[in-house]
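Asks:
Residue numbers (my numbering): 1 to 517.
(1) Which class does residue 207 belong to by DSSP, given the choice of helix, strand or coil?
(2) Taking buried to mean at least 16 other C-beta atoms within 10 Å of its own C-beta, is residue 141 buried or exposed?
(3) Might you give, ordered along the chain, the residues of its own chain that have their beta carbon closer than 8 Å to the beta carbon of residue 369, omitting 5 neighbours on each side?
(4) Which of the three DSSP states, helix, strand or coil, is assigned to residue 497?
(5) Given that a residue counts as buried once 16 or more other Cβ atoms are within 10 Å of its Cβ, and exposed if not, what is residue 154?
(6) Are the stretch 428 to 438 and the stretch 448 to 456 in contact at 8 Å, needing three or more beta carbon pairs?
(7) DSSP state of residue 183, grouped into three classes?
(8) To the nearest angstrom, how far is the alpha carbon of residue 109 from that of residue 490?
(9) Would you call the stretch 232 to 252 in contact with the stretch 329 to 342, where contact means no fewer than 3 C-beta pairs closer than 8 Å?
(10) Ignore the nearest five residues each way along the sequence and tell me which others in residue 43's own chain have a CB closer than 8 Å to its CB.
(11) Under three-state DSSP, which class holds residue 104?
(12) Determine contact between the stretch 386 to 402 and the stretch 121 to 131, defined as no fewer than three beta-carbon pairs at a distance below 8 Å.
(13) Quick check on DSSP: helix, strand or coil for residue 264?
(14) Residues bridged to residue 347 by DSSP?
(15) Can you say whether residue 271 is buried or exposed, counting buried as having 16 or more other CB atoms within 10 angstroms of its CB?
(16) Which of helix, strand or coil does DSSP assign to residue 521?
(17) So within the stretch 228 to 293, which uninterrupted alpha helix (DSSP H) runs reach at least 4 residues, ignoring any that extend past its ends?
(18) Here's a check: name, in chain order, each residue in its chain whose Cβ is nearer than 6 Å to the Cβ of residue 226, leaving out the five neighbours to either side.
(19) Within the continuous alpha helix (DSSP H) that includes residue 598, where are the two ends?
(20) Could you please give the first and the last residue of the uninterrupted alpha helix (DSSP H) stretch that includes residue 426?
(21) How would you call residue 315, buried or exposed, if buried means at least 16 neighbouring beta carbons within 10 angstroms?
(22) Is residue 371 closer than 8 Å to residue 504 when the C-beta atoms are compared?
(23) Name the DSSP bridge partner or partners of residue 524?
(24) Apart from the five residues just before and just after residue 338, which ones in its own chain have a Cβ nearer than 6 Å to its Cβ?
(25) Within the same chain, show all residues whose beta-carbon is closer than 8 Å to that of residue 236, passing over the 5 residues directly before and after it, in chain order.
(26) Quick check on residue 157: buried or exposed, where buried means 16 or more other Cβ atoms within 10 Å of its Cβ?
(27) Which complete alpha helix (DSSP H) runs does the stretch 361 to 422 hold, if anything under 4 residues is left out?
(28) Measure the C-alpha to C-alpha separation of residue 35 and residue 103 and round it to an integer number of angstroms.
(29) Between residue 308 and the rest of its own chain, which residues show a CB-CB distance below 6 Å, the 5 nearest in sequence each way excluded?
(30) In this structure, how does DSSP classify residue 484 when only helix, strand and coil are distinguished?
(31) Drop a sphere of 10 angstroms on the beta-carbon of residue 400, count the other beta-carbons inside from all chains shown, and report buried for 16 or more, exposed for fewer.
(32) If you draw a straight line from the alpha carbon of residue 335 to that of residue 353, how long is it in whole angstroms?
(33) With distances taken Cα to Cα, identify the nearest neighbour of residue 232 among 356, 148, 280.
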C-alpha cells in the first residue's frame, strides 16, 4: 500500500496519520515501468546535451549557489514526473513557436485553458503558437542541462536568476520595449532576490502564498470559544479544547516535520507582533532575539499538553488529515489548503481562517509574505529577433484576465491583491479563499540574505528544532548566539562583495507593516 500523497511546498509530505485517512493501492507495475521508460528516454535525450554543455554548467556553478534568488517557498510544486503540453494551431503563414516550461501542477489546468485560448485568438492573429510543458521533481535538473547547452525553452520558471543572468542565459526585460509596461506596473513589488539582479529586471513577481490559523468552528462552538486575537487567547482556547475533550481533540498542532514550518509558522507570524522579521530590513542586521516571546508562546502549548502528540516529527499532511478528522482545534494553514480541505482531506465541519494571533491585540502589524518565483525569458529570443513575440505572450500571461482566472479557480493569489479580486464575477468563492486573498492583512517583504552566508555552527532551523524539542533550554542565550553568528557571516559576505546590503534594506518597511484595519 502507498499512502496517498499531497502536492505541497517543496513536494508532497508523507502522510502518516492514524485517524480516518484513506489509503490508495500502490501503482501497478506497468505504470512504474512506463514512468521508468519515460525517465530513461529523457536521460538519453539530454546526455549528449549534458556532455556538450558541461564546461558551461561548471562555469555557472562557480558563479555561486542560486545567486540573487531567495524567493519564498512555493506551493503547488509536484514530486512526480508527469508532463503535460498545450499547443494549438496558429493559423496559416509564418508562425513563431514559443516554448514555456514550469513545474507547477496546482494551476496547470487553468494555464492550459488560457494558453489554448491565446493560441486560438491573439496567437492566431499575430502568428504565435505557445507550447506549454509541465515537469515534475526533475524540473530544475532538466532545465539546467537544457539551458546551459543552449536548448532551453523561451520562457521558464527559474530558481537562480543571478547565475543565469551573469552567464547570459536570460535577457533583461528592459531590453524589450514591449515589456516596459509590466516592469513599471510591478516595480513596487520587485526587489533583488526576486526578479532583479544587477539593477536589471529579469522577472516580475506575480503571486504570493498567504497563511493563517484554521479553526474548527464546530469545536469552538461546542466549548463556547471565540476565535483568538492574542497569544494568550490562543493558548486559553487550545487548553479548553484539549481538557474539555479529555484529549480526544488537541488544541493546536505545529507540524515540525514540514520543512518550512519555521518560515511560515514561526518567523512570519512573529513579525506580526514585532514589526519585522529575524532579519531587520530597516537596520540590515539579524535580530533573532525578537523571537524570544514567540518561543515562550509555543512553549505554553507544550507545557499545557495541548500540543498534538508527535508534533516534533509530524508532517504537513498528517496535521491536515488530523484536523479534517476533527482531532485538532487549530492548525497553521496556507492559501492552498482551501482546495486541500475540499478535495484531499474534506472537512465535514465549518472551518475558518484567522490572522495569526499577536502578543498585544492593540499593537498589531501586517503579516509579511514573500513573492513566489516567476518566469524569465531566454536571451535567445533577443539574439534571434523574436523577443517582441515573446513579449506579446508575456503581457497576456501577466494580464488581469489571467490573474482573475487563477483567482476564480482558487489556485493562485495575485500579488496585486484587491485590484484583481475585485474583478472576480464568479459566484461561490470559498469565504476562506477570500480571506487568504485579502492583501490588507499582508505586506510584500524583501528577501533575506541568508542564502549567501556561510554560517559557522547550527543554522537557525537547527536551533529552532532544538528549542522546541527541549534540547536547548537557554532560549535567550541561543537566540543571542544566532544573531551574533549570522551577523558575523553577513559582515564577511558584505566585505567580500558577495552581498550588497543595500539590496536588503527596505526604507518603507515600517509603513508597509502598519495595520490599518
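All C-beta atoms in this analysis are idealised placements derived from N, C-alpha and C, irrespective of residue type, glycine included.
Replies: In brief:
(1) Residue 207 sits at position 207 when you count from the first residue of the chain shown. The DSSP-derived three-state label of residue 207 is strand.
(2) Walking along the chain shown from the start, residue 141 turns up at place 141. When all chains shown are included, residue 141 counts as exposed.
(3) Locating residue 369 in the chain shown gives position 369, where the first residue counts as 1. Non-local beta-carbon contacts of residue 369 in its own chain, meaning distances under 8 Å to residues more than five positions away in sequence, involve 72, 208, 209, 210, 211, 268, 442, 443, 444, 445 in chain order.
(4) As a position in the chain shown, residue 497 is number 497, starting the count at 1. In the three-state reduction of the DSSP assignment, residue 497 falls in the coil class, being assigned neither a helical nor a strand state.
(5) Indexing the chain shown from 1 puts residue 154 at position 154. Counting Cβ neighbours within 10 Å, residue 154 comes out buried, since at least 16 surround it.
(6) The stretch 428 to 438 makes no contact with the stretch 448 to 456, as fewer than three CB pairs between them are under 8 Å.
(7) Position 183 of the chain shown holds residue 183. Of the three classes helix, strand and coil, the one that applies to residue 183 here is helix, per DSSP.
(8) Your numbering for residue 109 matches position 109 in the chain shown. Your numbering for residue 490 matches position 490 in the chain shown. Note on geometry: alpha-carbon atoms of residue 109 and residue 490 lie some 42 Å from one another.
(9) With the rule of 3 Cβ pairs closer than 8 Å, the stretch 232 to 252 counts as touching the stretch 329 to 342.
(10) Here residue 43 corresponds to residue number 43 of the chain shown, with the count starting at 1. Its pLDDT being 46, under 50, residue 43 is placed unreliably by the model, and nothing is read from it.
(11) Counted from its first residue, the chain shown places residue 104 at position 104. The DSSP-derived three-state label of residue 104 is strand.
(12) Here the stretch 386 to 402 lies against the stretch 121 to 131, with 3 or more beta-carbon pairs under 8 Å apart.
(13) On the chain shown, residue 264 is found 264 positions in, with the first residue counted as 1. In the structure shown, residue 264 sits in a helix (DSSP, three-state: H, G or I).
(14) The count along the chain shown starts at 1 and reaches residue 347 at position 347. According to DSSP, residue 347 shares a beta bridge with no other residue.
(15) Counting from 1 along the chain shown, the entry for residue 271 is found at position 271. A buried status is given to residue 271, since no fewer than 16 other beta-carbon atoms sit within 10 Å of its beta-carbon.
(16) This structure leaves residue 521 out entirely; the chain is present only between 1 and 517.
(17) The stretch 228 to 293 contains these whole alpha helix (DSSP H) runs: 231 to 244, 268 to 274.
(18) Counted from its first residue, the chain shown places residue 226 at position 226. Counting only Cβ-Cβ distances below 6 Å, and skipping sequence neighbours, we find nothing.
(19) Here the chain covers residues 1 to 517 and nothing more, so residue 598 does not appear.
(20) On the chain shown, residue 426 is found 426 positions in, with the first residue counted as 1. For residue 426, there is no enclosing alpha helix (DSSP H), as DSSP gives it neither H nor E.
(21) Here residue 315 refers to the residue found at position 315 when the chain shown is read from its first residue. It is buried - the Cβ of residue 315 has at least 16 other Cβ atoms within 10 Å.
(22) Start at 1 with the first residue of the chain shown, and residue 504 comes out as number 504. Start at 1 with the first residue of the chain shown, and residue 371 comes out as number 371. Inclusion of residue 504 and residue 371 in the CB contact set at 8 Å is not warranted, their separation being larger than that value.
(23) The requested residue 524 is not part of the displayed model; the chain covers only 1 to 517.
(24) Working through the chain shown from its first residue, we reach residue 338 at position 338. Once the five neighbours on either side are set aside, the close Cβ partners of residue 338 are 410, 430, 432, 433.
(25) As a first step, residue 236 must be located in the chain shown, where it is residue number 236. 228.
(26) Start at 1 with the first residue of the chain shown, and residue 157 comes out as number 157. Around the beta carbon of residue 157, a 10 Å sphere encloses 16 or more other beta carbons of the protein chains shown; the residue is thus reported as buried.
(27) Segments of the alpha helix (DSSP H) lying fully in the stretch 361 to 422: 380 to 383, 387 to 397, 400 to 408, 418 to 421.
(28) Within the chain shown, residue 35 is the residue found at index 35, counting from 1. Within the chain shown, residue 103 is the residue found at index 103, counting from 1. Reliability of the predicted coordinates at residue 35 is poor, the pLDDT of 42 falling under 50, and the value obtained from them is presented with this limitation in mind. Cα to Cα, the separation comes out at about 17 Å.
(29) Stepping through the chain shown from its first residue, residue 308 is reached at position 308. So the qualifying residues of the chain are 250, 253, 328.
(30) For the purposes of this step, residue 484 is taken as the residue at position 484 of the chain shown. Helix, per DSSP.
(31) Walking along the chain shown from the start, residue 400 turns up at place 400. That one is exposed.
(32) Here residue 335 refers to the residue found at position 335 when the chain shown is read from its first residue. Here residue 353 refers to the residue found at position 353 when the chain shown is read from its first residue. Approximately 9 Å, taken between the alpha carbons.
(33) The residue you call residue 232 lines up with position 232 of the chain shown. The closest CA to that of residue 232, considering only 356, 148, 280, is found on 356.
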